Amino acid sequence: MFREYYVPKTTGQCLEAAKAYGDEAYYLAGGTDLVVKMRSGAVSPKAVIDLSGVDGLDKIIQTDTEMLIGAMCRLTPLSKLAQAKGIDVICRAAGHVSSIQVRNMATIGGNTCNASPSADTVPALIVMDAQAVVAGFAGTRRIPLADFFAGPGRTCMEKGELLTAFAVPREKDITEADYQKFSIRGDSDIAIIGAGARISVGSGGVITKARVALGAVAATPIRAYKAEEMLTGQKLSEELVAEAAKAAAEEARPITDQRATKQYRIKMVRIHTAMALKNCMDRIAGNVRT
Amino acid sequence: MIGPVNDLLGKMQIHIQVNERDYDLLVAPDRTLLDILRNELHMTGTKQGCDDANCGACTVIMDGKAVKSCITLITQAAGKSIQTIEGLSRFEDGKEKLHPIQQAFIEHGAIQCGFCTPGMIMASKALLDESPDADEEAIREGLHGNMCRCTGYVNIVKAVESARDVLKGEK
Chain A
475 MFREYYVPKT TGQCLEAAKA YGDEAYYLAG GTDLVVKMRS GAVSPKAVID
525 LSGVDGLDKI IQTDTEMLIG AMCRLTPLSK LAQAKGIDVI CRAAGHVSSI
575 QVRNMATIGG NTCNASPSAD TVPALIVMDA QAVVAGFAGT RRIPLADFFA
625 GPGRTCMEKG ELLTAFAVPR EKDITEADYQ KFSIRGDSDI AIIGAGARIS
675 VGSGGVITKA RVALGAVAAT PIRAYKAEEM LTGQKLSEEL VAEAAKAAAE
725 EARPITDQRA TKQYRIKMVR IHTAMALKNC MDRIAGNVRT
Chain B
-17 MIGPVNDLLG KMQIHIQVNE RDYDLLVAPD RTLLDILRNE LHMTGTKQGC
33 DDANCGACTV IMDGKAVKSC ITLITQAAGK SIQTIEGLSR FEDGKEKLHP
83 IQQAFIEHGA IQCGFCTPGM IMASKALLDE SPDADEEAIR EGLHGNMCRC
133 TGYVNIVKAV ESARDVLKGE K
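Chains as they are written, first to last, in the working numbering: chain A, 475 to 764; chain B, -17 to 153.
Below, the structure written as structure tokens:
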């Protein structure tokens, strides 16, 4: 499958090893996507750079302004995180990826870098305004997740750059978020559509921040900007939720494939975006006693 | 600048523990744990099914967690403790004593062709070790990564529920 195997201890060593091989080295996170691709011949790297020994990539760090989720955080412990305030939806989405065996090895960074349009953790990261923290020789840069994907299986990272963490900003307003995965055989199937929603409310119950992110309905995960505009500055209601869900469905640009037709996906976006928004609304109502 | 670890003609030394025995391997890093278990250690209880992480017939327990050995590189198992189906039963007074999960699978008709069985049992063991009170929903969720084309899963779930009760001392 590959010839050379590296076990770096620092991100600097990762970058150096990757640079030596150009296009012909891959970073190994959990391996649940990469090893499948190598075995099928979809990719044939000369070298694999194992990230599991690099210090600090699997930590969750809280600062005053943000939460940093290390890219090597494995999905099972992430999905069961007790102190998840502020990243609940990301933890919940992590629990929707595939099966327990896969989640025991797979990582949140790998789920993003594999760049499937249907990746379950991505809509959750997008609605929480997460930025990808990317290390390169020129230094570290941050890229909003909504802008991180270039196409199916492709990110905007330069070859050799390393995704080290996700930075999720703290929100002072009351915030609830939800992710709905629609698939046939539960989590172990790839999502037919994924719908992420997030609502932050300020005084008087007015929506200060609305985010809707959709997976599996375009070449990359997308934000439904029109739905978001419709929600911002308004008060939540069942009618508003229904209108926003309709707008999100109109922004989806799915294809017909072996899982579902384009038309069915559009219908499912409307239904599941409404479900996600309604869950946010119900939880906020539980929080805010007006 | 670090160099590749597999500098012994492409191979590297890897230590693993399988069913409480230590093994020192000299292998190429791009072999899978499944390949090593079956073809180097001759433990053929773990099955090669789909070979691409879908069917779960290759499930083993690594450091207490169920993993699919067909997509686990042997390097990812380095220094770890692996349990396979061969390591589940015990010997007492010279006789083999099956694990309660194995016994329950037999008693509840949870085995037809038997090909998914080792993977199902190991996934069930990992599940019950982590969640000794797992209910039907949790059991079905925990077995999501294991496919059976014969039984329709009903008897498998009943077997795991029964084993759960035995392990809790309720039977």
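Cβ coordinates follow ideal geometry from the N, Cα and C atoms, glycine included.
Keep in mind it's a predicted model, so treat the numbers as computed, not measured.
Can you give me the Cβ contacts of residue i inside the same chain, cut-off strictly under 8 angstroms, excluding the 5 residues immediately before and after it?
{"i": "residue -14 of chain B", "result": "none"}
{"i": "residue 744 of chain A", "result": "719, 720, 722 and 723"}
{"i": "residue 89 of chain B", "result": "141 and 144"}
{"i": "residue 110 of chain B", "result": "83, 116, 142, 145, 146 and 149"}
{"i": "residue 614 of chain A", "result": "607, 608 and 638"}
{"i": "residue 14 of chain B", "result": "51, 52, 53, 54, 55 and 56"}
By alpha-carbon positions, which one of the options ends up nearest to residue i?
{"i": "residue 29 of chain B", "options": "B:62, B:101 and B:59", "result": "B:101"}
{"i": "residue 643 of chain A", "options": "A:519, A:749 and A:559", "result": "A:559"}
{"i": "residue 34 of chain B", "options": "A:522, A:599 and A:505", "result": "A:505"}
{"i": "residue 43 of chain B", "options": "B:73, B:-1, B:138 and B:6", "result": "B:-1"}
{"i": "residue 565 of chain A", "options": "A:576, A:634, A:574 and A:551", "result": "A:551"}
{"i": "residue 39 of chain B", "options": "B:60, B:26 and B:45", "result": "B:26"}
{"i": "residue 746 of chain A", "options": "A:556, A:580, A:656 and A:661", "result": "A:656"}
{"i": "residue 645 of chain A", "options": "A:663, A:627, A:613 and A:683", "result": "A:683"}
{"i": "residue 710 of chain A", "options": "A:615, A:527, A:667 and A:678", "result": "A:678"}
{"i": "residue 754 of chain A", "options": "A:741, A:738 and A:670", "result": "A:670"}
{"i": "residue 742 of chain A", "options": "A:633, A:699, A:758 and A:725", "result": "A:725"}
{"i": "residue 693 of chain A", "options": "A:653, A:631 and A:624", "result": "A:624"}
{"i": "residue 630 of chain A", "options": "A:654, A:587 and A:689", "result": "A:587"}
{"i": "residue 704 of chain A", "options": "A:696, A:690, A:691 and A:681", "result": "A:681"}
{"i": "residue 549 of chain A", "options": "A:596, A:498, A:512 and A:538", "result": "A:596"}
{"i": "residue 632 of chain A", "options": "A:476, A:499 and A:478", "result": "A:499"}
{"i": "residue -16 of chain B", "options": "A:707, A:537 and A:483", "result": "A:483"}
{"i": "residue 108 of chain B", "options": "A:579, A:621 and A:574", "result": "A:574"}
{"i": "residue 706 of chain A", "options": "A:676, A:758 and A:667", "result": "A:676"}
By how many angstroms is the C-alpha of residue j removed from the C-alpha of residue i?
{"i": "residue -11 of chain B", "j": "residue 508 of chain A", "result": "23 angstroms"}
{"i": "residue 19 of chain B", "j": "residue 8 of chain B", "result": "14 angstroms"}
{"i": "residue 501 of chain A", "j": "residue 674 of chain A", "result": "36 angstroms"}
{"i": "residue 496 of chain A", "j": "residue 733 of chain A", "result": "36 angstroms"}
{"i": "residue 61 of chain B", "j": "residue 481 of chain A", "result": "14 angstroms"}
{"i": "residue 639 of chain A", "j": "residue 132 of chain B", "result": "43 angstroms"}
{"i": "residue 488 of chain A", "j": "residue 647 of chain A", "result": "39 angstroms"}
{"i": "residue 45 of chain B", "j": "residue 124 of chain B", "result": "17 angstroms"}
{"i": "residue 600 of chain A", "j": "residue 610 of chain A", "result": "22 angstroms"}
{"i": "residue 760 of chain A", "j": "residue 749 of chain A", "result": "16 angstroms"}
{"i": "residue 127 of chain B", "j": "residue 659 of chain A", "result": "11 angstroms"}
{"i": "residue 557 of chain A", "j": "residue 534 of chain A", "result": "10 angstroms"}
{"i": "residue 49 of chain B", "j": "residue 41 of chain B", "result": "6 angstroms"}
{"i": "residue 493 of chain A", "j": "residue 523 of chain A", "result": "11 angstroms"}
{"i": "residue 651 of chain A", "j": "residue 528 of chain A", "result": "32 angstroms"}
{"i": "residue 478 of chain A", "j": "residue 628 of chain A", "result": "24 angstroms"}
Going along chain A, which residues have a C-beta under 8 angstroms from residue i?
{"i": "residue 92 of chain B", "result": "Ordered by position in chain A, no residue passes the 8 angstroms Cβ test against residue 92 of chain B, which lies about 19 angstroms from the chain."}
{"i": "residue 33 of chain B", "result": "513"}
{"i": "residue 102 of chain B", "result": "Going along chain A, no residue has its Cβ under 8 angstroms from residue 102 of chain B, so there is no contact; the nearest lies around 12 angstroms."}
For residue i, go through chain B and note every residue whose CB falls closer than 9 angstroms to its CB, in chain order.
{"i": "residue 482 of chain A", "result": "-16"}
{"i": "residue 665 of chain A", "result": "Within 9 angstroms Cβ-Cβ: nothing; residue 665 of chain A doesn't reach chain B, min ~14 angstroms."}
{"i": "residue 487 of chain A", "result": "-17 and -16"}
Name the chain A residues whose beta carbon is nearer than 7 angstroms to that of residue i?
{"i": "residue 49 of chain B", "result": "575, 578 and 579"}
In chain B, what lies closer than 7 angstroms to residue i by C-beta?
{"i": "residue 660 of chain A", "result": "126"}
{"i": "residue 475 of chain A", "result": "12"}
Grab me the residues of residue i's own chain with a C-beta within less than 7 angstroms of its C-beta, minus the 5 sequence neighbours each way, in chain order.
{"i": "residue 71 of chain B", "result": "78, 79, 80, 81 and 84"}
{"i": "residue 764 of chain A", "result": "Residue placement at residue 764 of chain A cannot be trusted, given a pLDDT of 47 that sits under 50; what the coordinates show is reported in the next sentence. Around residue 764 of chain A: 679."}
{"i": "residue 583 of chain A", "result": "503, 545, 546 and 637"}
{"i": "residue 752 of chain A", "result": "715"}
{"i": "residue 485 of chain A", "result": "528, 609, 636 and 638"}
{"i": "residue 702 of chain A", "result": "684, 685 and 686"}
Output, in chain order, the set of chain A residues within a Cβ distance shorter than 9 angstroms of residue i.
{"i": "residue -13 of chain B", "result": "478, 479, 480, 481 and 524"}
{"i": "residue 58 of chain B", "result": "502, 504, 505, 509, 524, 526 and 579"}
Going along chain E in order, which residues have a C-beta closer than 8 angstroms to the C-beta of residue i?
{"i": "residue 490 of chain A", "result": "Among the protein chains in the structure shown, which are A and B, there is no chain E."}
Keeping to the same chain, check which residues put their C-beta closer than 6 angstroms to that of residue i; ignore five residues upstream and five downstream.
{"i": "residue 93 of chain B", "result": "87 and 99"}
{"i": "residue 37 of chain B", "result": "31 and 129"}
{"i": "residue 11 of chain B", "result": "-12, -6 and 57"}
Which bits of chain B does residue i rub up against, with CB to CB less than 8 angstroms?
{"i": "residue 510 of chain A", "result": "34, 35 and 53"}
{"i": "residue 521 of chain A", "result": "-14"}
Flag residue i as yes when its Cβ comes closer than 8 angstroms to any non-hydrogen atom of the ligand ZN, and as no otherwise.
{"i": "residue 102 of chain B", "result": "Absent from the structure shown: the ligand ZN. Ligands present: none."}
Contact list for the stretch 60 to 86 of chain B against chain A, Cβ threshold 8 angstroms: Of all residues in the stretch 60 to 86 of chain B, none has a C-beta nearer than 8 angstroms to a C-beta of chain A.
Tell me which residues of the stretch 493 to 507 of chain A have at least one Cβ-Cβ distance to chain B shorter than 8 angstroms, keeping chain order. Of all residues in the stretch 493 to 507 of chain A, only 494, 502, 505 and 506 place a beta-carbon less than 8 angstroms from a beta-carbon of chain B.
Using a Cβ-Cβ cutoff of 8 angstroms, what residues of the stretch 101 to 120 of chain B are near chain A? List them in chain order. Listed by position along the chain: 105, 108 and 109.
Interface residues of the stretch 132 to 152 of chain B facing chain A [CB-CB below 8 angstroms]: Listed by position, the residues of the stretch 132 to 152 of chain B near chain A (Cβ gap below 8 angstroms) amount to none.
Output needed in chain order: residues of the stretch -1 to 29 of chain B with a Cβ under 8 angstroms from some Cβ in chain A. With the criterion set as a beta carbon lying under 8 angstroms from some beta carbon of chain A, the members of the stretch -1 to 29 of chain B are 11, 12 and 14, in sequence order.
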